[in-house]
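>
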Amino acid sequence: MKVVLRGPRGIFAAPNLIAGLTSLATGGALALRHPLAPHAVLGAFLVWAALAARWPRLALLVLPAALPVMNFSPWTGWQQFEEFDLLVLGAAAGRFLHCASVASATAPVPPARSSAWKVFVCASAAFAVCSVISLWRGIDAGGGWAALSFDGFQGHAGPMNAWRVFKSVALAALCWPLLRRELQRDPGPAARRLGTGMVIGLAIVTVAVVQERAAYPGLWQYSEPYRTTAFFWEMHVGGGAIDAYLAMATPFAAWALWKARTPAGWCTAALLALLAGYACLTTFARGVYFASLVSVALLGVLSAMRWFDGRLRTALLGTLAVMAALLGAELLIAFAFGWGGWTGAASVLLAFALIGCLLGKGTRPRSRKRVAWAALGLALSLEVVAVLGLGTFMRERLAAAESDAGSRIAHWRNGLALMRNPSDWLWGIGSGRLPSEYAANTLGEEFPGAVQFVPDASGVPVRGAVELSGAVAAVGHKTSAEIRGLLWLTQRIDLRGGRGHQAEFDVRALAASDVTVRVCEMHLLYFRECQRASAKVDADPSRWQRLSLRLQGRTLSIGDWAAPRRAVFSIAVSNRGGRSEFDNLRLLSPAGEDLLVNGELTSGMAHWLPVAQRFFVPWHIDNLYLEILIERGVPALASFLVAMGVALWGVLRWPGGGSALSASLAGLLTGALCIGLVSSFIDVPRIAFLLLFIAIFSVELTQSQWWRGRVLEKRLVGTGGSAHV
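Under our numbering, think of the first position of the sequence shown as 23, with each following residue one higher.
(1) Report the option in L670, A682, L723 and F715 whose CA atom is closest to the CA atom of C696.
(2) If I'm right that L200 touches R117 with Cβ under 8 Å, what's the distance once you round it to whole angstroms?
(3) What separation, rounded to the nearest whole angstrom, lies between the Cα atoms of R550 and I580?
(4) Please go through the same chain and pick out, in chain order, the residues whose beta-carbon is closer than 8 Å to the beta-carbon of Y238, but skip the five residues on each side of it.
(5) Are there 16 or more other CB atoms within 10 angstroms of the CB of D562, so buried, or fewer, so exposed?
(6) I'd like the span of the beta strand (DSSP E) that includes R514, first residue to last.
(7) When you compare only the Cα positions, how much space is there between W97 and A628?
(8) With DSSP collapsed to three states, give me the class of V259.
(9) So, using beta-carbon positions, are P90 and F306 closer together than 8 Å?
(10) Among the residues of its own chain, which have a CB less than 6 Å from the CB of V673, if the five just before and after it don't count?
(11) Grab the span of the alpha helix (DSSP H) containing V619 for me, first residue to last.
(12) Grab me the residues of F469's own chain with a C-beta within less than 6 Å of its C-beta, minus the 5 sequence neighbours each way, in chain order.
(13) If you follow the beta strand (DSSP E) that E246 is in, where does it begin and where does it stop?
(14) Do you know offhand how far A225's Cα is from A266's?
(15) Need the endpoints of the alpha helix (DSSP H) that D605 sits in, please.
(16) With H, G and I counted as helix, E and B as strand and the rest as coil, what does DSSP make of D426?
(17) What does a CB cutoff of less than 6 Å around P78 pick up in its chain, not counting 5 residues either side in sequence?
(18) Nearest-angstrom Cα distance between A291 and A148?
(19) Which stretch, first to last residue, makes up the beta strand (DSSP E) that contains I593?
(20) Taking the alpha-carbon of A51 as reference, which of S137, D173, R159 and S535 has the nearest alpha-carbon?
(21) Please report the distance separating the alpha-carbon of Q756 from that of A422.
(22) With a 10 Å radius around its C-beta and 16 neighbouring C-beta atoms as the bar for buried, classify L420 as buried or exposed.
(23) Using the rule of at least 16 other Cβ atoms within 10 Å of the residue's Cβ for burial, across every protein chain shown, is W288 buried or exposed?
(24) Please report how far the alpha carbon of I40 lies from the alpha carbon of L196, in whole angstroms.
(25) Which two residues bound the contiguous beta strand (DSSP E) that contains S491?
(26) Would you mind stating whether W449 and I652 have Cβ atoms separated by less than 8 Å?
(27) Quick test of the definition: if touching needs 3 or more C-beta pairs under 8 Å, does the region 213 to 231 touch the region 393 to 405?
(28) Determine, using beta carbons only, whether P209 and L723 come nearer to each other than 8 Å.
(29) Counting only the same chain and skipping the five closest in sequence on each side, list residues whose C-beta sits under 8 Å from that of V497.
(30) Per the contact definition of three or more C-beta pairs closer than 8 Å, is the region 266 to 279 in contact with the region 555 to 570?
(31) According to the neighbour-count rule (16 or more other Cβ atoms, all chains shown, within 10 Å of its Cβ), is R283 buried or exposed?
(32) Ordered along the chain, which non-local residues of its own chain (more than five positions away) have a Cβ less than 6 Å from that of A525?
(33) Quick check on P586: does DSSP put it in helix, strand or coil?
(34) Distance, Cα to Cα, N38 vs V407?
(35) What span of residues does the beta strand (DSSP E) with E526 cover, start to end?
(36) What did DSSP end up calling G287 once you bin it into helix, strand or coil?
As structure tokens, then:
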């Protein structure tokens with residue numbers, strides 16, 4: 023690739039070259055640290071960077087499409103890094119190197135910037151500066167720069183957690199120049215590629231949700247307290263990663279419906295909408311229900327404005343009428359189901375179908391399409407009735423909403439109490455410090471345990487043992503011996519049918535410990551069937567002892583080809599104050615085969631991932647805005663709100679209700695801001711990156727000549743004029 027450094031705009035080639043090479047070197051170094059196959063990952067990274075350099079527009083499709091799956095923490099053991107980092111760095115490296123190599127004469131002339139764009143840039147810069155200061159404070163409070171570990175295994179209590187929480191800002195900032203250039207050059211196709219990528223990502227998540235539920239609780243089992251997680255492994259300590267993703271991505275199911283040009287395409291998009299509805303409902307998260315309802319209402323109003331030539335009042339009335347009709351249909355189906363079971367519900371649906379056939383028979387294609395939309399609305403209504411009617415879990419959660427609200431408010435107050443001095447209000451307590459500070463200073467809500475790698479006495483950094491401990495009381499407090507949850511050290515294994523698994527390990531008890539081991543059919547947080555064993559180990563820090571435990575329990579099943587089940591080996595110290603070191607772990611199958619990898623811990627914590635169970639309170643404040651306030655300070659929160667407000671206002675300003683894409687972007691931003699009222703996802707790097715990435719994309723899109731031309735055309739058409747753009 024020839025790099026051009028001369029010409030009227032050649033001064034920009036050198037910065038692009040430096041940025042590209044820096045991204046390439048950073049990604050290459052990270053790939054070589056991959057715990058599973060570093061050389062293969064490095065090769066894949068270089069190939070991806072080359073593809074991004076050759077076809078730079080590909081990144082707008084690939085990044086949102088691959089975002090839901092580019093994390094393999096249960097297999098790698100990484101907590102601070104993930105494969106999505108490599109994807110973004112490869113895209114940035116390829117795009118920067120492409121920009122450095124093209125002739126300067128081809129560089130697009132940037133359009134004049136509006137005052138809204140300038141406000142967004144200033145707010146974003148302020149948020150970035152506050153985030154950098156918060157990063158510095160977080161590292162310092164977590165043990166300082168000397169305690170940083172770049173192997174990716176450091177937990178939430180270490181200083182590297184500050185980088186984990188901050189990195190979404192850095193990655194989004196890295197993509198900003200690339201988004202600007204692409205939207206200046208070819209904004210229409212760029213917008214369609216982004217929309218297609220979001221649709222693909224949503225499809226991947228919804229299929230994963232269906233497969234997960236089919237394999238574990240069952241597709242139609244809505245009474246068990248099982249909440250799906252799909253591929254959002256960041257939820258190994260709880261949180262609402264999948265909730266936030268669905269709230270943001272579901273509006274693009276409507277975009278797919280609007281853009282469908284053939285009956286087959288529309289039916290495919292309708293199937294995606296049904297799957298998205300199922301995924302949202304089976305999170306059993308009231309925040310998802312609220313955010314989805316607000317987003318759907320907004321999409322309905324914007325769509326109605328397009329049909330009614332921009333008349334807002336008529337659009338609002340039309341949307342309310344449609345939602346009232348759907349609510350009436352849901353109530354009618356629910357009443358019929360309660361009165362006659364499935365027969366009664368089927369009778370109502372059959373009556374609706376006959377009415378639809380009569381209305382659609384012999385009419386114009388547009389009328390038939392309206393009937394199809396009505397049928398889709400009824401199908402979505404049936405999903406709601408099924409989840410609420412066939413199970414008790416969601417009804418119990420709705421009934422407990424008032425008491426949960428009191429607990430949530432108390433949780434928020436405890437979080438705000440961590441800000442003890444003016445500097446905390448100005449700059450925050452530090453990026454990634456909320457979990458540790460909350461657990462250490464809040465009575466009765468400490469971590470349910472701890473996992474720490476202990477290096478070998480020989481000094482070899484990747485050899486040693488792992489220390490597990492039960493819950494420890496908050497600073498200055500005494501608590502009961504009861505533990506509200508456990509923190510397990512887990513590893514994915516190949517599931518073998520039958521009974522008789524046997525666990526063997528060396529243990530040194532630094533304090534009296536109740537050791538529990540198990541092998542379970544489970545995806546991440548909830549198990550289906552388990553085989554277990556436990557042992558009490560008396561305190562004896564001076565010696566190691568070998569334990570062999572035979573696991574007891576029901577026969578484990580591998581499931582079927584369509585919904586295979588995964589198996590997870592777990593070990594934990596299950597008593598308060600217990601503390602032991604473990605080494606040379608083995609799990610023998612009924613056939614005598616060792617199923618564990620890196621049981622000797624010769625590769626550090628590779629393949630091992632801590633997973634919390636039942637109790638997740640210390641890790642999340644459950645409010646996006648409070649999390650930003652507590653960790654980054656008042657200026658960061660103010661600048662974040664301004665930036666999000668400008669981005670949302672920009673895509674809502676399209677006359678006549680906007681385009682399908684602008685409506686979907688508005689739905690995404692609205693869904694994120696709504697779910698943020700009850701969920702804190704800024705500490706989930708992939709989800710935080712998606713929000714920042716879409717906000718930047720939305721603002722840059724509204725500055726493009728294509729967008730301004732479309733807006734001008736719409737305004738002139740609305741006033742009876744003609745547009746020549």
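Think of the CB as a built atom: it goes at the ideal place given N, C-alpha and C, for glycine as much as any other residue. Since the model is a prediction, treat every value here as computed from it, not as a measurement.
The answer reads as follows:
(1) For the purposes of this step, residue 696 is taken as the residue at position 674 of the sequence shown. For the set L670, A682, L723 and F715, the Cα lying nearest the Cα of C696 is the one of L670.
(2) Counting from one through the sequence shown, the residue named residue 200 turns up at place 178. Counting from one through the sequence shown, the residue named residue 117 turns up at place 95. Between R117 and L200 the Cβ distance is about 4 Å, and since that is below 8 Å, they are a contact.
(3) Here residue 550 corresponds to residue number 528 of the sequence shown, with the count starting at 1. Here residue 580 corresponds to residue number 558 of the sequence shown, with the count starting at 1. Rounded to whole angstroms, R550 to I580 spans 11 Å at the Cα level.
(4) For the purposes of this step, residue 238 is taken as the residue at position 216 of the sequence shown. So the qualifying residues of the chain are Y248, E543, M544, H545, Y548, R550 and R587.
(5) Numbered from its first residue, the sequence shown carries residue 562 at position 540. Burial call: exposed.
(6) Translated into the one-based positions of the sequence shown, residue 514 becomes position 492. For R514, the enclosing beta strand (DSSP E) stretches over residues L508 to I515.
(7) If you number the sequence shown from 1, residue 97 lands on position 75. If you number the sequence shown from 1, residue 628 lands on position 606. Taking the straight line joining both Cα atoms gives about 8 Å.
(8) Start at 1 with the first residue of the sequence shown, and residue 259 comes out as number 237. DSSP places V259 in coil when its eight states are reduced to three.
(9) Taking the sequence shown and counting its residues from 1, the one referred to as residue 90 is at position 68. Taking the sequence shown and counting its residues from 1, the one referred to as residue 306 is at position 284. No, the pair does not count as a contact, with Cβ atoms beyond the cut-off.
(10) Indexing the sequence shown from 1 puts residue 673 at position 651. Closer than 6 Å at the Cβ level, and outside the excluded window around V673, lie S684, L687, A688 and S720.
(11) Taking the sequence shown and counting its residues from 1, one reaches residue 619 at position 597. Taken as a continuous stretch (DSSP letters only), V619 belongs to no alpha helix (DSSP H), as it is neither H nor E.
(12) On the sequence shown, position 447 is the one that residue 469 refers to. Within its own chain, the residues whose Cβ lies closer than 6 Å to the Cβ of F469, once the five positions on either side in sequence are excluded, are A461 and P640, listed in chain order.
(13) In the sequence shown, the residue the question calls residue 246 occupies position 224. No residue range can be given for E246, since it is assigned to no beta strand (DSSP E) and is classified by DSSP as neither H nor E.
(14) One-based indexing of the sequence shown puts residue 225 at position 203. One-based indexing of the sequence shown puts residue 266 at position 244. When the Cα atoms are used, A225 and A266 turn out to be separated by approximately 16 Å.
(15) By 1-based counting over the sequence shown, the position of residue 605 is 583. Annotation: D605 is outside any alpha helix (DSSP H); the continuous beta strand (DSSP E) that includes it extends over R601 to L610.
(16) Residue mapping note: residue 426 aligns to position 404 of the sequence shown, counting from 1. Here D426 sits in helix by DSSP.
(17) Along the sequence shown, read from residue 1 onward, the residue named residue 78 stands at position 56. Same-chain partners within the cutoff: R117 and H120.
(18) Taking the sequence shown and counting its residues from 1, one reaches residue 291 at position 269. Taking the sequence shown and counting its residues from 1, one reaches residue 148 at position 126. Within the model, the alpha-carbon separation for A291 versus A148 is close to 40 Å.
(19) Indexing the sequence shown from 1 puts residue 593 at position 571. Bounds of the beta strand (DSSP E) holding I593 are A589 to V595.
(20) As a first step, residue 51 must be located in the sequence shown, where it is residue number 29. Of S137, D173, R159 and S535, the residue nearest in Cα terms is D173.
(21) Absent from the model: residue 756. The displayed extent of the chain is 23 to 747, so no value can be given.
(22) Translated into positions along the sequence shown, residue 420 becomes position 398. Answer is exposed; the Cβ neighbour count stays below 16.
(23) Within the sequence shown, residue 288 is the residue found at index 266, counting from 1. With 16 or more Cβ atoms within 10 Å of its Cβ, W288 is classed as buried.
(24) As a working note, residue 40 is residue 18 in the sequence shown. As a working note, residue 196 is residue 174 in the sequence shown. If you take the alpha carbons of I40 and L196, they lie about 13 Å apart.
(25) What you label residue 491 is simply residue 469 of the sequence shown in a count that begins at 1. G486 to G492 is the extent of the beta strand (DSSP E) around S491.
(26) Residue 449 sits at position 427 when you count from the first residue of the sequence shown. Residue 652 sits at position 630 when you count from the first residue of the sequence shown. It is not a contact, given that the beta carbons lie outside the stated cut-off.
(27) Not touching, per the Cβ criterion.
(28) Start at 1 with the first residue of the sequence shown, and residue 209 comes out as number 187. Start at 1 with the first residue of the sequence shown, and residue 723 comes out as number 701. Yes, the pair counts as a contact, with Cβ atoms nearer than the cut-off.
(29) Locating residue 497 in the sequence shown gives position 475, counting from the first residue. With a pLDDT of 45 at V497, under the threshold of 50, the modelled position of that residue is not reliable, and no figure is offered here.
(30) With the cut-off at 8 Å, the region 555 to 570 and the region 266 to 279 do not touch.
(31) As a position in the sequence shown, residue 283 is number 261, starting the count at 1. Within 10 angstroms of the beta-carbon of R283 lie fewer than 16 other beta-carbons, which makes it exposed.
(32) As a first step, residue 525 must be located in the sequence shown, where it is residue number 503. V539, L571 and L609, listed in sequence order.
(33) Here residue 586 refers to the residue found at position 564 when the sequence shown is read from its first residue. Reduced to three states, the DSSP call for P586 is strand.
(34) Here the question's residue 38 lines up with position 16 in the sequence shown. Here the question's residue 407 lines up with position 385 in the sequence shown. Between the alpha carbons of N38 and V407 lies a gap of roughly 54 Å.
(35) Taking the sequence shown and counting its residues from 1, the one referred to as residue 526 is at position 504. For E526, the enclosing beta strand (DSSP E) starts and ends at Q524 to A533.
(36) Taking the sequence shown and counting its residues from 1, one reaches residue 287 at position 265. In the three-state reduction of the DSSP assignment, G287 falls in the helix class.
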